[in-house]
Amino acid sequence: MGVFDDLVGQERAAETLRRAAAGAAELLAGGPGTGMTHAWLFTGPPGSGREEAARAFAAALFCPDRGCGHCDMCHQVMVGSHPDLETVRPQGLSYGVKDTRQLILRAAGAPTLGRWRVVLFEDADRATEGASNALLKAIEEPPPRTVWLLCAPSPDDMMITIRSRCRVVTLVTPSAAAVAHVLATRENVPPDMAEFAARAAQGHLGRARRLALDAEARGRREAVLAIPASLTGVGECVAAAERLVKTAEDEAAAVTAALNESETAELRKVYGEGSTGKGLSRGLIRGGAGALKDLEDRQKSRATRTKRDVIDAALLDLVAFYRDVLAVQFGAAVELAGADRRADLDALARSSAPEETLRRIDAIMLCRRRLAANVNPQMAVEAMTLSLRRP
Numbered sequence: 130m131g132v133f134d135d136l137v138g139q140e141r142a143a144e145t146l147r148r149a150a151a152g153a154a155e156l157l158a159g160g161p162g163t164g165m166t167h168a169w170l171f172t173g174p175p176g177s178g179r180e181e182a183a184r185a186f187a188a189a190l191f192c193p194d195r196g197c198g199h200c201d202m203c204h205q206v207m208v209g210s211h212p213d214l215e216t217v218r219p220q221g222l223s224y225g226v227k228d229t230r231q232l233i234l235r236a237a238g239a240p241t242l243g244r245w246r247v248v249l250f251e252d253a254d255r256a257t258e259g260a261s262n263a264l265l266k267a268i269e270e271p272p273p274r275t276v277w278l279l280c281a282p283s284p285d286d287m288m289i290t291i292r293s294r295c296r297v298v299t300l301v302t303p304s305a306a307a308v309a310h311v312l313a314t315r316e317n318v319p320p321d322m323a324e325f326a327a328r329a330a331q332g333h334l335g336r337a338r339r340l341a342l343d344a345e346a347r348g349r350r351e352a353v354l355a356i357p358a359s360l361t362g363v364g365e366c367v368a369a370a371e372r373l374v375k376t377a378e379d380e381a382a383a384v385t386a387a388l389n390e391s392e393t394a395e396l397r398k399v400y401g402e403g404s405t406g407k408g409l410s411r412g413l414i415r416g417g418a419g420a421l422k423d424l425e426d427r428q429k430s431r432a433t434r435t436k437r438d439v440i441d442a443a444l445l446d447l448v449a450f451y452r453d454v455l456a457v458q459f460g461a462a463v464e465l466a467g468a469d470r471r472a473d474l475d476a477l478a479r480s481s482a483p484e485e486t487l488r489r490i491d492a493i494m495l496c497r498r499r500l501a502a503n504v505n506p507q508m509a510v511e512a513m514t515l516s517l518r519r520p
């Protein structure tokens, strides 16, 4: 099975990338390189597989058989060990110009194995304005063997001058049936659980996998979907907001604590902590104080980003819940993401009007925009829960 066969529900994008990989091989042989270009922009909603598609394309560029899926080149790309592939994953709220300039210098190097030098930039929309301007210059004047693979939710999330110089690959949300099939065949998930997870995740394969395999993830979803029925007064709204933010903080701490500890220990070791010799350890640690401070700042930014991502995932679950309520109110024949909570959906649909449901959905989306604008999470979520309050 080739690397593009793993892209769930992305047949059109996969065909485009197959033709481009063939063009790349043609270009290396001195031909015109039909369909190949040096800069690509992979776009699509969360869960559509932007990074997976970009990684599959990188494997196809390195592979002698254009992405066979089982050779050493393909394997190295998939596990992240290929020397000519650099993957950038912004950990904090943004990706700055200093990091971008260092990345551009590394990308300008010649390929180690003689084919291509590939940079896979996940969440490229997090690049600051200065970083985007630096990136634009690198894309405008690329080395002959360097290929940029940028990933973002939509073309509009990138500077117009950058997206105009990239070939855009648009990915779509895979169907629940396709996601359930993958879970059942590749993860050995029981069919009923696979269908539930795929439906609840609304086509997001990564989230569906977590829901299918992790009981704690299912518990967190249950807690979020219990919020609408609990919002009977101001006190309940404030308490629900506090629980939601506290859960996000705890999860962010759990995700980042071990990583922070290992990064700090490694940096201290680099700067000589534990070294022997008169005055040696003290001098090196003092010299590394600036580096330690930079690391702490990056770790704080990463923790904040993780916390906001957790809250945003909960907000998307709430949007799906109220969308289901609206579907019930209109009698729409659509698949319900929250079909497992049909009693709650029916009760809210009977006790409120469609206009109220739309207002609640707008309140959740406003909360998402406020969080993206760095509004205090507790205040933003409290304002939202008060707007969701049942009369």
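Taking the working numbering, the leading residue of the sequence shown gets 130, the next gets one more, and so forth.
Positions of the beta carbon are idealized from the N, C-alpha and C atoms, including for glycine.
Does residue i come within less than 9 Å of chain B when only Cβ atoms are used?
i, result
"Phe-133", "This model lacks chain B altogether, as it is built from one protein chain only."
Taking Cβ to Cβ, would you say residue i is nearer than 9 Å to residue j?
i, j, result
"Leu-424", "Leu-444", "no"
"Ser-304", "Gly-332", "yes"
"Arg-230", "Met-207", "no"
"Ala-357", "Phe-450", "The displayed chain sequence assigns Pro, not Ala, to residue 357. For Pro-357 and Phe-450, yes; Cβs fall inside 9 Å."
"Arg-255", "Leu-170", "no"
"Leu-312", "Ala-327", "yes"
"Asp-475", "Gly-467", "no"
"Ala-383", "Pro-506", "no"
"Glu-215", "Leu-232", "yes"
"Arg-235", "Ile-268", "no"
"Ala-260", "Asp-228", "yes"
"Ala-346", "Val-308", "no"
"Ala-492", "Ser-516", "yes"
"Met-513", "Leu-495", "yes"
"Leu-136", "Ala-182", "yes"
"Ala-432", "Ala-394", "no"
"Met-287", "Asn-262", "no"
"Arg-497", "Asp-441", "yes"
"Glu-155", "Thr-163", "yes"
"Thr-241", "Pro-212", "yes"
"Ala-478", "Val-504", "no"
"Ala-306", "Glu-316", "no"
Using the DSSP secondary-structure output, state which residues sit across from residue i in a beta bridge.
i, result
"Leu-222", "For Leu-222, which the question treats as bridged, DSSP gives no partner whatsoever."
"Phe-250", "Val-217, Leu-279"
"Val-297", "Leu-170"
"Ala-256", "Tyr-224"
I think residue i touches residue j, with their Cβ atoms under 8 Å apart; what is that distance to the nearest whole Å?
i, j, result
"Leu-533", "Arg-470", "Since the first residue shown for the chain is 130 and the last is 520, residue 533 is missing from the structure and cannot be characterised."
"Val-297", "Ala-142", "Not really, about 10 Å apart at Cβ, beyond 8 Å."
"Thr-257", "Tyr-224", "7 Å"
"Phe-186", "Leu-146", "5 Å"
"Arg-518", "Leu-360", "5 Å"
"Val-448", "Ile-490", "6 Å"
"Val-367", "Gly-138", "Contact flag wrong, Cβ pair sits at about 41 Å."
"Thr-486", "Leu-465", "Not confirmed; about 14 Å, so no contact."
"Val-510", "Ala-370", "4 Å"
"Arg-350", "Leu-340", "7 Å"
"Val-318", "Cys-203", "About 25 Å; that fails the 8 Å criterion."
"Pro-282", "Pro-174", "6 Å"
"Arg-434", "Cys-280", "Rounded, the Cβ-Cβ distance is 16 Å, inconsistent with contact."
"Leu-265", "Thr-290", "5 Å"
Should residue i be counted as a contact of the ligand GTP given a C-beta to heavy atom distance under 8 Å?
i, result
"Val-298", "Absent from the structure shown: the ligand GTP. Ligands present: none."
Whole runs of the alpha helix (DSSP H) within the region 413-501, excluding any shorter than 4 residues: DSSP runs (the alpha helix (DSSP H)) wholly in the region 413-501: 418-459, 471-480, 483-501.
At least 3 beta-carbon pairs within less than 8 Å: the region 271-284 vs the region 242-253: A contact between stretches requires three or more CB pairs, one per stretch, nearer than 8 Å, and the region 271-284 meets this requirement with the region 242-253.
Touch test, the region 424-444 against the region 212-224, Cβ-Cβ under 8 Å, three pairs minimum: In short, these stretches touch, since the Cβ pair count reaches three.
Ordered list of alpha helix (DSSP H) runs contained in the region 305-345, each at least 4 residues: Fully contained in the region 305-345 are the following alpha helix (DSSP H) runs of length 4 or more, in chain order: 305-315, 320-330, 334-342.
Contact between the region 143-162 and the region 185-201 (3+ Cβ pairs under 8 Å): Yes, since at least three Cβ pairs between the region 143-162 and the region 185-201 fall closer than 8 Å, the two stretches touch.
Residue ranges of each alpha helix (DSSP H) within the region 146-211, 4 or longer: Fully enclosed alpha helix (DSSP H) runs of 4 or longer: 179-191, 201-208.
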